[in-house]
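2 protein chains.
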Amino acid sequence: MTPSQKKYSNYKKLVDDQLALLIRKKEPASLYEPAQYVLDAGGKRIRPLLVMLACEAVGGTAKQALNAAVAIEVLHNFTLVHDDIMDNAAARRGRPTVHTKWDSNVAILTGDALVAVAYRVLLKTKTPAIAHVADLFTEGVIEVCEGQAYDKVFEFRRDVSLDEYMVMIAKKTGKLVSVSSEIGAVIGNGSAKDIRTLRQYGELIGRAFQIQDDLLDVVADEKTFGKPIGGDIVEGKKTYLLLKALECAAGKDRQMLLSVIKNSGTSADNVGRVREIYERTGALAVAKVTIERDIAKATSLLKKLPATPARAMLYWLSDMLLNRHF
Amino acid sequence: MTPSQKKYSNYKKLVDDQLALLIRKKEPASLYEPAQYVLDAGGKRIRPLLVMLACEAVGGTAKQALNAAVAIEVLHNFTLVHDDIMDNAAARRGRPTVHTKWDSNVAILTGDALVAVAYRVLLKTKTPAIAHVADLFTEGVIEVCEGQAYDKVFEFRRDVSLDEYMVMIAKKTGKLVSVSSEIGAVIGNGSAKDIRTLRQYGELIGRAFQIQDDLLDVVADEKTFGKPIGGDIVEGKKTYLLLKALECAAGKDRQMLLSVIKNSGTSADNVGRVREIYERTGALAVAKVTIERDIAKATSLLKKLPATPARAMLYWLSDMLLNRHF
């Protein structure tokens with residue numbers, strides 16, 4: 000383990016320990032058992048890490064931002080629980096989803112309670128800027144809902160453009176990442192300029208993270224990835240790759256991609272063919288370049304911040320996200 | 000219209016006007032159309048009225064508390080949207096429910112967005128006690144979720160006691176009413192004593208309101224009530240009346256009530272018979288006395304507050320709730 004990995008693991012433990020203690024009540028069990036189940040599921044805890052690092056990067060401490068960090072992670076988990084219902088997803092992180100293990104009603108209510116639990120821990124943050132912090136958090140919730148609404152509508156549309164997709168992921172995934180770094184900077188009492196820098200850093204790595212997700216579905220090593228390659232293609236998901244390839248593809252390639260969209264997916268046998276189209280049209284290359292460019296921009300923004308161990312960890316974080324295989 | 004009714008109508012208009020303007024964005028339409036549809040549905044707006052009156056009763060102004068009042072109403076509407084999914088309810092206030100007019104996914108997401116919209120308007124409240132206000136609001140959300148969780152579990156249990164029912168409705172319905180008066184008092188900068196008085200007032204009228212709801216299902220005039228009498232009996236809902244009657248009924252009466260519970264309802268033909276059991280066991284009389292006692296206690300609490308026009312309106316409100324037929 001490198002010193003940075005060790006540090007990351009320490010931050011992660013801080014968050015995991017809080018999450019384990021967060022749900023104090025046992026009753027009603029139909030609410031708090033699934034809530035605890037969700038919070039116990041693990042995860043990379045990237046968002047809370049960002050909250051704490053951003054706070055430190057502007058002169059605050061990680062502990063100061065811990066409640067907000069936990070709140071963001073709980074909020075993220077709320078979105079997973081409700082999204083899984085809407086997406087009919089049977090499993091997440093190798094375990095049955097809440098609506099599968101219990102039922103949809105339980106999952107709806109568990110998600111609702113998690114939102115409130117998130118606000119409860121957020122509001123424990125000791126800062127004169129608590130109203131500002133709560134405002135940012137709330138705008139995060141709203142945009143995540145907007146992003147998910149677009150995502151669901153896009154499933155039934157055949158003419159989604161790459162631009163529309165970028166707006167959607169900026170809301171659905173990007174916003175909560177940028178809110179994380181922004182809230183951390185506010186709690187750390189950063190200057191308006193530092194707060195803006197860290198929000199922009201979050202926007203960039205959030206976007207890169209999502210495109211990377213789309214890319215990994217096609218190029219990852221199946222063993223490290225933990226799920227079959229090409230799942231997005233089989234499901235007909237309108238990913239960065241599919242929409243980018245569609246901008247450039249012609250003839251039979253174009254017909255193939257359109258058929259994936261029209262039939263809301265394709266057989267696993269066609270994954271290789273679609274992947275070839277992604278290569279041929281340059282979609283794969285463009286995705287890689289876009290991710291690298293976003294990460295480079297994000298990294299370059301960090302130069303505006305004072306050189307601190309937290310900033311070094313933010314460099315490490317963008318690098319880690321760029322090179323992740325999972 | 001009496002002067003009090005006129006005043007009530009003015010307060011209601013304040014809230015309705017804000018609700019009409021609350022959703023400014025149009026896109027994504029799949030999120031904001033149903034959200035607007037919900038907020039346009041009308042309603043008695045009792046909770047926001049309470050927020051404003053409580054604020055005035057401790058020396059504040061209604062306008063000061065308007066954002067919080069609107070927030071509570073939006074939060075209430077969120078609970079209706081999600082509860083309607085869980086209860087498979089096809090109609091509310093004479094219109095199709097969101098999940099019926101659109102679908103469950105839209106309804107889940109609309110409810111989620113309404114929670115965030117509620118926090119957004121709440122956080123606009125100008126008060127140094129904003130963190131306290133947001134805390135109370137958040138505890139409200141959590142208890143409403145707990146109450147709904149109990150309610151859903153109770154549907155499948157045959158041995159729910161009246162005491163358990165009282166805990167459930169205190170959370171599911173009572174809490175948001177008491178949070179309304181409590182938040183109003185905090186925003187109006189009331190003393191700790193005044194805040195407690197107004198919270199207790201809210202708890203009492205919230206409980207009376209729910210028992211009244213259960214009572215009206217059996218004794219209301221069908222025309223004024225707007226829905227068929229005995230609906231709760233037909234659906235086998237474990238109401239105050241059913242659980243109270245079960246405490247006292249014996250022989251065939253007891254068997255009849257148990258069969259309603261066992262079969263999760265009964266035919267409309269049996270409504271008269273069950274109603275007779277409610278009378279014979281004294282359940283009806285006890286319900287009426289309980290409501291009157293709660294309202295009397297609530298009214299008596301108000302004596303602790305200075306004599307103001309707002310206090311007069313709170314007297315009027317408890318009286319109106321006691322004598323309502325809808």
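Protein chains in written order, with numbering that gives the first Met the number 0: chain A, 0 to 325; chain H, 0 to 325. For glycine and all other residues, C-beta sits at the position ideal for the given N, C-alpha and C.
In angstroms, rounded to a whole number, what distance separates the CA positions of residue i and residue j?
i	j	result
Gly281 of chain H	Cys247 of chain H	8 angstroms
Val50 of chain H	Val217 of chain A	54 angstroms
Pro127 of chain A	Phe136 of chain A	16 angstroms
Ser103 of chain A	Lys6 of chain H	43 angstroms
Gly93 of chain H	Asp220 of chain A	55 angstroms
Leu336 of chain A	Lys125 of chain A	Absent from the structure is residue 336 of chain A, since the part of chain A shown begins at 0 and ends at 325.
Leu214 of chain A	Ala286 of chain A	7 angstroms
Ala64 of chain A	Lys100 of chain A	33 angstroms
Lys303 of chain H	Phe155 of chain A	60 angstroms
Arg272 of chain H	Asn322 of chain H	26 angstroms
Val152 of chain H	Gly58 of chain A	49 angstroms
Leu13 of chain A	Gly250 of chain A	54 angstroms
Ala19 of chain H	Lys243 of chain H	42 angstroms
Pro305 of chain A	Ala61 of chain A	16 angstroms
Pro95 of chain H	Ala89 of chain H	6 angstroms
Ala267 of chain H	Gly230 of chain H	8 angstroms
Leu316 of chain A	Gln17 of chain A	22 angstroms
Arg119 of chain H	Arg44 of chain A	26 angstroms
Asn269 of chain A	Thr223 of chain A	22 angstroms
Tyr149 of chain H	Met255 of chain H	24 angstroms
Leu21 of chain H	Leu108 of chain A	25 angstroms
Ile182 of chain A	Val132 of chain A	6 angstroms
Met0 of chain H	Leu320 of chain H	17 angstroms
Asp158 of chain H	Asp158 of chain A	55 angstroms
Asp212 of chain H	Pro2 of chain H	26 angstroms
Asp162 of chain H	Ile84 of chain H	27 angstroms
Glu202 of chain H	Lys296 of chain H	11 angstroms
Tyr10 of chain H	Lys25 of chain H	27 angstroms
Looking only at DSSP bridge pairs, what is residue i linked to?
i	result
Ala90 of chain A	A:Pro95
Looking at residue j and residue i, is the spacing between their C-beta atoms short of 9 angstroms?
i	j	result
Ala184 of chain A	Arg206 of chain A	no
Ile141 of chain A	Ala112 of chain H	yes
Arg274 of chain H	Ile232 of chain H	yes
Val97 of chain A	Val80 of chain A	yes
Glu55 of chain H	Thr307 of chain H	yes
Ser179 of chain A	Pro47 of chain A	yes
Leu241 of chain H	Tyr200 of chain H	no
Gly42 of chain A	Phe77 of chain A	no
Lys226 of chain H	Ile260 of chain H	no
Ile294 of chain A	Ile204 of chain A	yes
Thr298 of chain A	Asp318 of chain A	yes
Leu122 of chain H	Ala115 of chain A	no
Val105 of chain H	Leu30 of chain H	yes
Ala67 of chain H	Ile186 of chain H	yes
Glu234 of chain A	Ser263 of chain A	yes
Leu301 of chain H	Thr196 of chain H	yes
Give the DSSP-derived three-state secondary structure of residue i in the structure shown.
i	result
Leu74 of chain A	helix
Trp101 of chain H	coil
Ile228 of chain H	coil
Pro47 of chain A	helix
Glu26 of chain H	coil
Thr289 of chain A	helix
Met167 of chain H	helix
Gly264 of chain H	coil
Gln244 of chain A	As written in the sequence, residue 244 of chain A is Ala, which differs from the Gln given in the question. If DSSP states are grouped into helix, strand and coil, Ala244 of chain A belongs with the helices.
Met255 of chain A	helix
Thr328 of chain A	No answer is possible for residue 328 of chain A: it lies beyond the span of chain A, which begins at 0 and ends at 325.
Ser190 of chain H	coil
Phe136 of chain H	helix
Ala19 of chain H	helix
Ala295 of chain A	helix
For the ligand GDP, is there any heavy atom lying closer than 8 angstroms to the beta carbon of residue i?
i	result
Glu142 of chain H	Within the structure as shown, the ligand GDP is missing, as the structure has no ligands at all.
Name the chain B residues that come within less than 7 angstroms of residue i, Cβ to Cβ?
i	result
Thr137 of chain A	The chain inventory of the structure shown lacks chain B, comprising the protein chains A and H.
message: Is it the case that the stretch 150 to 170 of chain H contacts the stretch 33 to 48 of chain H, given that we only count it when at least three CB pairs across the two stretches are under 8 angstroms?
response: No, the stretch 33 to 48 of chain H does not touch the stretch 150 to 170 of chain H.
task: Evaluate contact between the stretch 142 to 152 of chain H and the stretch 172 to 184 of chain A, counting only Cβ atoms and requiring at least three cross-stretch pairs below 8 angstroms.
output: They do not touch, by the three-pair rule.
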